[in-house]
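Trainee: Please find one structure pasted underneath; my questions will follow.
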Amino acid sequence: MAPSQLVWQLVKNYNCFLHKGLHGSQFSAEPGNLYNLNSYKYSGLANEKTVHVEAAEDGAFSVTRTIPKNFNKPRDLRSKATKKNKNFRRSAARLGKEVHTIRPDLKKAALARASAVNKSQRSAGAKSS
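According to my numbering, the sequence shown holds residues 22 to 150 in order.
Written out as structure tokens, the structure is:
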């Protein structure tokens with residue numbers, strides 16, 4: 022694997038996930054980018070260790086993390102786990118501990134993404150009733 026700074030220099034202005042907004046703002050829709058900002062810290066393409074939180078079925082959210090020691094084994098590169106939302110606070114606490122062991126700087130972003138996913142699922146359930 023190439024150094025992450027070099028990868029970032031190559032993909033920061035030109036990649037298929039890049040969306041340029043008004044007034045020079047740049048957003049990125051890549052998996053592993055928790056805030057959807059085009060920056061090195063949150064990039065899922067440039068960093069070796071990434072965490073991705075997305076909605077799953079039945080009011081749950083799934084967490085996908087990249088395991089850097091398995092870069093030569095594409096099948097084992099990503100680990101996916103689904104967190105049930107019977108008690109969101111417990112699920113969020115487990116998510117925070119898991120992310121803290123992988124990348125402590127992304128803990129706040131992962132919790133914010135999980136909270137947004139939970140809120141969207143609650144509002145979608147209320148609208149359908």
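Here a beta-carbon is modelled for each residue, glycine too, at the ideal position from N, C-alpha and C.
For residue 74 versus residue 138, is the C-beta distance shorter than 9 Å?
Mentor: yes
Trainee: Name the residue from 27, 102, 55 and 59 whose alpha carbon lies nearest to the alpha carbon of residue 41.
Mentor: The candidate whose alpha carbon is nearest that of residue 41 is 59.
Trainee: Return the CA-CA distance between residue 89 and residue 68, expressed in angstroms with no decimal places.
Mentor: 9 Å
Trainee: Whole angstroms are fine: how far does the CA of residue 124 sit from the CA of residue 108?
Mentor: 24 Å
Trainee: Using a Cβ-Cβ cut-off of 7 Å (strictly less than) and excluding sequence neighbours within five positions of residue 57, which residues of its own chain qualify?
Mentor: 48, 49 and 50
Trainee: Rounded C-beta distance between residue 86 and residue 100? I'm assuming under 8 Å.
Mentor: 5 Å
Trainee: Over the uninterrupted beta strand (DSSP E) stretch that includes residue 76, give me the two end residues.
Mentor: 72-76
Trainee: Quick check: the Cα distance between residue 80 and residue 23, rounded to an integer number of angstroms?
Mentor: In this structure, the CA atom of residue 80 is about 38 Å from the CA atom of residue 23.
Trainee: When the Cα of residue 130 is compared with those of 117, 142, 122 and 94, which residue comes out closest?
Mentor: 117
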